[in-house]
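K.L.:
The structure follows.
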Amino acid sequence: MQQFNPQALKKLYVPPANSHKGQNGKLLIIGGSQLFHAASLWALTIASKVVDMVFYSSVKENNEIVHELKKEFHSGIIVPRDDIESYIDEADTVLIGPGMMRTESGIKNQELGIKQISNLEDEGEQSYYLTQYLLKKYPKKKWVIDAGALQMMDPEWLLQLKGNVVITPHPEEFERVFKGGIKRQEMGIMEEKVKEVAEKYHCTILLKGEKDIICSPNETVIVSGGNAGMTKGGTGDVLAGLIAALACNNDLFLATAAGSYFNKKAGEALFQKVGYYFNASDLANEIPVVMKKEIVSLTKFKQI
């Protein structure tokens, strides 16, 4: 198993000193539900610290929450679900899934338009049809698929994206989507299963755990670290937002591995301060501190 080499962080995009607004990344986040308000907001929090512009689209209730928080997200635009397509072309990357619902009811597997999807009463069905519709219509866009969208998707949808996609499952989600047989397996077996799926579906996979496994069809690395404080709700949403933000100006495999590395290092830094007693918001605020420390130590950019 090859461990992630921090020297790879030298390849990360760093905003030029003379750059202007919009040049350093535009991300669209599609997530949230009436039940899960905070998940997509954690993704928004970290992403707004990394890229120039975040377009945020959720259910009405969450959009209203973000309107109230606009003083914290100066470079952000709240997008009604019906208007998502107006912003996808402008975004460098789209993150879909944090806080979205899943359903156990049967899916009729019909093709619906955006307005029809928005009118569905079952939010799990919304997750299914919205993910299906957008992945099919925008196959050349960079995608990060997480949480509710990941749990509801058909893995065959990944093939149409031709490698332009990252998925971020924990073992239970991987089992649900791919029937992968990785639960409670040894690390080497898990790595082989993840690599097999990455090759089959032409995607980059981050299998979250005590040791994150990052696989593309051509590369595999392990990122170790973190601690039990990172098992709290929302830390996965922070990770998804970070990876999606990094993907705006970086190769998807590098963005995924670097996001995993920064996330775990931030958890370790928080442990030194407060032990296990931190939450997802603490993690989102610590990550930029860790990113600056790690990048400066490697590149010595004067403007940082």
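Numbering (the numbering used here) for the sequence shown: 2 to 305.
For every residue, glycine included, the Cβ atom is placed at its ideal position computed from N, Cα and C.
Unbroken beta strand (DSSP E) runs of length 3 or more, entirely within the segment 100 to 185: which are they?
P.N.:
143 to 146, 166 to 168
K.L.:
Mind checking whether L28 and A281 have CB atoms under 8 Å apart?
P.N.:
As a first step, residue 28 must be located in the sequence shown, where it is residue number 27. As a first step, residue 281 must be located in the sequence shown, where it is residue number 280. No. Outside cutoff.
K.L.:
What does a CB cutoff of less than 6 Å around K196 pick up in its chain, not counting 5 residues either side in sequence?
P.N.:
Position 195 of the sequence shown holds residue 196. Counting only Cβ-Cβ distances below 6 Å, and skipping sequence neighbours, we find C216, T221.
K.L.:
Identify the continuous beta strand (DSSP E) that holds M54 and give its terminal residues.
P.N.:
Stepping through the sequence shown from its first residue, residue 54 is reached at position 53. Start and end: 54 to 58.
K.L.:
Using the C-alpha atoms, what's the distance from E176 back to M54?
P.N.:
Mapped onto the sequence shown, residue 54 falls at position 53. Mapped onto the sequence shown, residue 176 falls at position 175. The straight-line gap from Cα to Cα measures roughly 34 Å.
K.L.:
If we ignore side chains and look at the alpha-carbon of each, how far apart do V381 and F56 end up?
P.N.:
Residue 381 is absent from the model: the chain starts at 2 and stops at 305.
K.L.:
Can you say whether A44 is buried or exposed, counting buried as having 16 or more other CB atoms within 10 angstroms of its CB?
P.N.:
In the sequence shown, counting from the first residue as 1, residue 44 sits at position 43. Per the 10 Å Cβ criterion, buried.
K.L.:
What do you get for E126, buried or exposed, if any count of 16 or more other CB atoms within 10 angstroms of its CB means buried?
P.N.:
On the sequence shown, residue 126 is found 125 positions in, with the first residue counted as 1. Classification for E126: buried.
K.L.:
Answer yes if the segment 108 to 121 comes into contact with the segment 2 to 14, meaning at least three C-beta pairs across the two stretches below 8 Å, and no otherwise.
P.N.:
no
K.L.:
Could you tell me which uninterrupted alpha helix (DSSP H) segments, each at least 4 residues in length, are contained entirely in the segment 187 to 265, listed from first to last along the chain?
P.N.:
188 to 202, 236 to 248
K.L.:
Mapping the DSSP letters down to three states, classify K27 as helix, strand or coil.
P.N.:
By 1-based counting over the sequence shown, the position of residue 27 is 26. Strand at K27.
K.L.:
Hey, how far is the Cα of K138 from the Cα of E193?
P.N.:
Residue mapping note: residue 138 aligns to position 137 of the sequence shown, counting from 1. Residue mapping note: residue 193 aligns to position 192 of the sequence shown, counting from 1. Going by the C-alpha atoms only, they are around 32 Å apart.
K.L.:
In the DSSP output, what is L96 paired with across the bridge?
P.N.:
Translated into positions along the sequence shown, residue 96 becomes position 95. For L96, which the question treats as bridged, DSSP gives the partners I30, V145.
K.L.:
Please go through the same chain and pick out, in chain order, the residues whose beta-carbon is closer than 6 Å to the beta-carbon of T94, but skip the five residues on each side of it.
P.N.:
Residue mapping note: residue 94 aligns to position 93 of the sequence shown, counting from 1. Cβ within range, chain order: L28, K143, A245, A248, C249.
K.L.:
Can you grab the Cα-Cα spacing for the pair S128 / L253, in whole Å?
P.N.:
Working through the sequence shown from its first residue, we reach residue 128 at position 127. Working through the sequence shown from its first residue, we reach residue 253 at position 252. Our two residues, S128 and L253, have alpha carbons roughly 23 Å apart in a direct line.
K.L.:
Bridge partners of I78, per DSSP?
P.N.:
Position 77 of the sequence shown, counted from the start, is the residue given in the question as residue 78. According to DSSP, which records beta bridges pairwise, I78 is partnered with F56.
K.L.:
Within 10 Å of its beta-carbon, does V84 have 16 or more other beta-carbons around it, so buried, or fewer, so exposed?
P.N.:
Translated into the one-based positions of the sequence shown, residue 84 becomes position 83. It is Asp, not Val, that sits at residue 84 in the sequence shown. D84 comes out exposed.
K.L.:
DSSP state of V273, grouped into three classes?
P.N.:
As a working note, residue 273 is residue 272 in the sequence shown. The residue asked about is misnamed: residue 273 is Gln in this sequence, not Val. Q273: helix per DSSP, three-state reduction.
K.L.:
Using 8 Å for Cβ pairs, my map puts G226 next to E269. What's the rounded Cβ distance?
P.N.:
Translated into the one-based positions of the sequence shown, residue 226 becomes position 225. Translated into the one-based positions of the sequence shown, residue 269 becomes position 268. Indeed they touch by this definition, with Cβ atoms about 6 Å apart.
K.L.:
Count the other CB atoms, across all protein chains shown, that sit within 10 Å of the CB of M231; report buried if there are 16 or more and exposed otherwise.
P.N.:
Here residue 231 corresponds to residue number 230 of the sequence shown, with the count starting at 1. Classification for M231: buried.
K.L.:
Can you tell me which of the three DSSP states Q4 falls into?
P.N.:
Walking along the sequence shown from the start, residue 4 turns up at place 3. In this structure, Q4 counts as strand in the three-state DSSP scheme.
K.L.:
Taking contact to mean 3 or more Cβ pairs, one atom from each stretch, closer than 8 Å, check whether the segment 260 to 267 and the segment 16 to 25 are in contact.
P.N.:
no
K.L.:
Within 10 angstroms of the Cβ of A229, are there 16 or more other Cβ atoms? Answer buried if so, exposed if not.
P.N.:
Translated into positions along the sequence shown, residue 229 becomes position 228. It counts as exposed.
K.L.:
Mapping the DSSP letters down to three states, classify P289 as helix, strand or coil.
P.N.:
As a working note, residue 289 is residue 288 in the sequence shown. Reduced to three states, the DSSP call for P289 is helix.
K.L.:
In terms of residues, what are the limits of the alpha helix (DSSP H) holding Y88?
P.N.:
Start at 1 with the first residue of the sequence shown, and residue 88 comes out as number 87. From DSSP, the alpha helix (DSSP H) with Y88 extends over 86 to 89.
K.L.:
Sorted by chain position, which residues of the same chain lie with C-beta nearer than 8 Å to A241's C-beta, five sequence neighbours on each side aside?
P.N.:
Taking the sequence shown and counting its residues from 1, the one referred to as residue 241 is at position 240. Hits under 8 Å: A44, L96, G98, P99, V145, D147, A148, T169.
K.L.:
Looking only at its chain, what residues have a beta carbon closer than 8 Å to the beta carbon of P140, apart from the 5 residues adjacent to it on each side?
P.N.:
By 1-based counting over the sequence shown, the position of residue 140 is 139. Hits under 8 Å: Q161, L162, K163, N165.
K.L.:
Which residue's Cα is closest to the Cα of Q3: E157, K212, G235?
P.N.:
Counted from its first residue, the sequence shown places residue 3 at position 2. For the residues E157, K212, G235, the minimum Cα distance to Q3 belongs to K212.
K.L.:
Taking the alpha carbon of L136 as the point to measure from, which residue in E122, N120, D155 has its own alpha carbon closest?
P.N.:
Translated into positions along the sequence shown, residue 136 becomes position 135. Nearest of E122, N120, D155 to L136, Cα basis: D155.
K.L.:
Can you tell me the Cα-Cα spacing of G189 and I214, whole angstroms?
P.N.:
Locating residue 189 in the sequence shown gives position 188, counting from the first residue. Locating residue 214 in the sequence shown gives position 213, counting from the first residue. Their Cα atoms are separated by approximately 10 Å.
K.L.:
Tell me the rounded alpha-carbon separation between A285 and D123.
P.N.:
The residue given as residue 285 occupies position 284 in the sequence shown. The residue given as residue 123 occupies position 122 in the sequence shown. About 31 Å.
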